[in-house]
Structures are given as structure tokens and as C-alpha cells.
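In my numbering, the protein residues as written are 1398 to 1800. Backbone N, C-alpha and C fix where the C-beta goes; we use that ideal spot for every residue, glycine too. Just so we're clear, the structure is a prediction, and the values are computed from it rather than from any experiment. Structure record follows, encoded as C-alpha cells.
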């Protein structure tokens, strides 16, 4: 009973500070969680698993999770639907990244931007994280580049087999695909892997500087044919591949796709699907000798430290409207509570303004009609408590939960 009273007292003293990711709020939230662990026995390493659209709806087609905890701090999520069906999928898992006795604890974030429908992005949501856990087991508990490559490869092969099994009844599955952006925080290292044009952007305060000293770092490669480097890669690997200009600097691979890496789109990867009953408009004149786009991700790592404040993961629909520096500045000048919904609104305001509309006009358009203004949008922001990265006192109490 005494522990319950102490728990309520600590909550009343400190939990009100959680909205503020920097300064006194940051220190108080870390101190609060440490004191509850030491005196009350509540574990700060509680499991958290959430998928986009499983929180609070603030209109019929917009969803957000205002603020919640992960192992290294707090997070905020938001989703905006534009298509008839929301083709984006997103998830966050905080806690165990492995099965069995050899427990590895961390944070896993996934942004899966579907193309042409929901089947592939939903498939990735259903299988990628479990494949990631299996890949860690195959590497004896180590997280490295091979783990991510194996997880993506397994998920790709599973989807190819899914298309093959349903080929006669659902040949359109061969057309569907999904970008795949993953972020993992483990042992104070941030891993970012990407196949597609979703993006991860880190904001940090170098050398403990102030708000005006913010440094913004893109941690993922945009695999989109609008970038000349990506077009060059495709042309080098597939001489004669057609890249069609589509206006405003956009190019379409084989007249169909902007992305040059993705899971799915197997009609552009395997010749067995380049025939009827595939809809005629997707059948390629030239046989598919080797996959025209890849599912292999690039993997980048960043050693987290006390200067690192937050990282934004978002689908292409968001980055179509807001650039890296703008996004980081918007979050810097806002509280962490509701930050993802704030970013989503900024993107929607920008999209509406391009068409002479206002944000509230878009809110009440039906899905499908919204797609003329913007794409589906998914945003996940991880805020980091600097105490986890620079204070030996806290590390001595928390480290046992993070490995």
C-alpha cells in the first residue's frame, strides 16, 4: 500500500513534465522513472507495441498517438489517410527484440508506404518484425547489417511466394509493393535501413549547444528515380531500361514506379509474373531477365549521444510537402506531446495551400478525393532522454534493462 501511495505522489510530482523533451522536463522525466523503479518497483522497460491507426482519432481520416514512452525516451505518432484505403502502415515496438532466453531489448520503428493497394504494406507489417527477430537469433544475438538484409530478404521471398500461391485468383498482387523504412535503437546505436523513398531525419544539438545550433542529418537514402544518382544506378544495371519523365522532376521506372527499391512489385522482378492473367497494362514488352528494382536495403548507423534529441521517421507523402530542416525546426519549437500530429498538420496545410485550399477543407474530403491534394502520410518521432547516453548514475540503474 505504501508503494501505491508513493507511486501516486511521484506521478503527481513529475509526470506533468513529460510534455517537454528538453531542459528541466527531460531531467524530471528521467528522474521520475528512475525513482519509480528504485522505490516502487515499476519496471521502466515495459513492453510497448503499437501500430498506426490503433490510437486516438481526431477526425474520420486522421489518427495520432500524442505521447507515450519507449525505452530511451518518448514517442509521438500520426497518420493521415488520402487514398480510398490507407496504403501506409507503421509500427513501433519497445522492449524485447528477440525470442527465447537470449533477450535483447531496444526500440523498433517501421514505416511501410504501400503502392497500388494495402496488401503488400500489410504483409510487411505482419512479417518483417518477426523476421528481424529470427535474423538476430541467426546472428547469435548480434545486430548488424546482415540482420537487416536477412529480414528484408525473408519478407520479400515470403511475399513472392504469397503472390505465387494466389496468382490465378489475384494476379493484381504482382503489381503491389511497399517501401520499407526501419529504425532500431539498440545499445545506444541507431540503425536506419531503407528500401524506398520514406526517410529518417535526426536532429541534434552539437556540443551541447542551444536551440539555434541545431544540426539536421538525413540518415536514409531516397530510392526515388527523381534523383539522378538513382536513375544512373538503374541504367547501369539495366541498360535500355525506360525512365519516363512525369513532370516536376519526376521519372517513372518502366512507366510505372518512382521508387527504385521496394518489397513487392514482383511483375518487375520475375518473368513468371510478366504474363496473363496479369492485367495487360502491366505486361512488359521485354522479358524480365533480372529484377529491375531491388528489395535490398541500405543500412546506416549512428552512435547516439547526449547531443541527439529526436529522429523523425515519415513516409514519402510527408516529405513531398516538408523538407528536412523545416520538419526538424517545427519539432524543435513544439512540445513533444502531439508533435507528430503537428507535423502532419503542417504537411496538410502545405498541400492544401498549393491548391488554393485550407487545412479544414481537406479534413472533410472523402478518401480518394484527398489523393488529388496529398498522399497517405505516416509520421513517427522518437525523442531521446539524454540521461540514457551521458549519465553513469542512470546507466548503472537502467543498463540491465537495455541488454
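If you drop the 5 nearest sequence neighbours on each side, which residues of the same chain put their C-beta closer than 6 Å to that of residue i?
i	result
residue 1780	1418, 1470, 1471, 1707 and 1733
residue 1579	1507 and 1590
residue 1666	1688
residue 1349	The structure shown does not extend to residue 1349, since the chain spans only 1398 to 1800, so no value can be given for it.
residue 1551	1528
residue 1459	1477
residue 1697	1589 and 1616
residue 1619	1594
residue 1752	1770
Taking the alpha-carbon of residue i as reference, which of the options has the nearest alpha-carbon?
i	options	result
residue 1616	1705, 1511 and 1687	1705
residue 1731	1754, 1745 and 1778	1778
residue 1591	1672, 1660, 1632 and 1515	1660
residue 1610	1673, 1464 and 1725	1725
residue 1761	1445, 1457, 1447 and 1586	1457
residue 1505	1663, 1513, 1529 and 1670	1529
residue 1711	1593, 1465, 1585 and 1523	1593
residue 1691	1745, 1680, 1577 and 1683	1577
residue 1493	1745, 1583, 1602 and 1722	1583
residue 1653	1544, 1679 and 1629	1679
residue 1621	1510, 1538, 1682 and 1709	1510
residue 1564	1673, 1467, 1694 and 1717	1673
residue 1485	1553, 1755, 1758 and 1713	1713
residue 1694	1482, 1449, 1545 and 1682	1545
Give the DSSP-derived three-state secondary structure of residue i in the structure shown.
i	result
residue 1484	coil
residue 1510	strand
residue 1624	coil
residue 1784	helix
residue 1590	strand
residue 1517	helix
residue 1658	strand
residue 1505	strand
residue 1616	coil
residue 1466	strand
residue 1569	helix
residue 1631	helix
residue 1731	coil
residue 1575	strand
residue 1500	coil
residue 1522	helix
residue 1745	helix
residue 1489	strand
residue 1471	strand
residue 1494	coil
residue 1549	helix
residue 1421	Since pLDDT at residue 1421 reaches only 40, below the 50 mark, its modelled position is unreliable, and the value read off the structure follows with that caveat. Helix, per DSSP.
residue 1672	coil
residue 1564	coil
residue 1541	coil
residue 1611	coil
Excluding sequence positions up to five away, which residues of its chain have a Cβ less than 7 Å from the Cβ of residue i?
i	result
residue 1480	1764, 1765, 1768 and 1773
residue 1737	1461, 1473, 1474, 1475, 1776, 1777 and 1778
residue 1520	1556 and 1559
residue 1548	1525, 1528, 1529 and 1532
residue 1571	1560, 1663, 1664, 1670 and 1675
residue 1727	1739, 1740 and 1743
residue 1716	1596
Can you determine whether any heavy atom of the ligand HEM sits closer than 6 Å to the C-beta of residue i, and answer yes or no?
i	result
residue 1772	Only the bare structure without any ligand can be found here, which leaves the ligand HEM out of the picture.
Let me see if you follow: with CB-CB separation under 7 Å, is residue i close to chain C or not?
i	result
residue 1689	This model lacks chain C altogether, as it is built from one protein chain only.
Name the one or two DSSP bridge partners that residue i has.
i	result
residue 1597	1710
residue 1765	DSSP output for residue 1765 lists no bridge partner at all.
residue 1665	According to DSSP, residue 1665 bridges with nothing at all.
residue 1536	Paired residues: none, contrary to the question.
residue 1580	1506 and 1589
residue 1775	1476
residue 1449	In DSSP, residue 1449 forms no bridge with anything.
CB-CB under 8 Å to residue i, same chain, minus the five flanking residues each way: which ones, in chain order?
i	result
residue 1424	Because residue 1424 carries a pLDDT of 44, less than 50, the predicted location of this residue cannot be relied on, and the following value inherits that uncertainty. Closer than 8 Å at Cβ, skipping near neighbours: 1784.
residue 1623	1646, 1647, 1648 and 1655
residue 1719	1727, 1740, 1743, 1744 and 1747
residue 1543	1532 and 1536
Practice prompt. Would you list, in sequence order, the uninterrupted beta strand (DSSP E) runs of no fewer than 3 residues that lie entirely inside the region 1675 to 1727?
Written response: Fully enclosed beta strand (DSSP E) runs of 3 or longer: 1695 to 1700 and 1705 to 1711.
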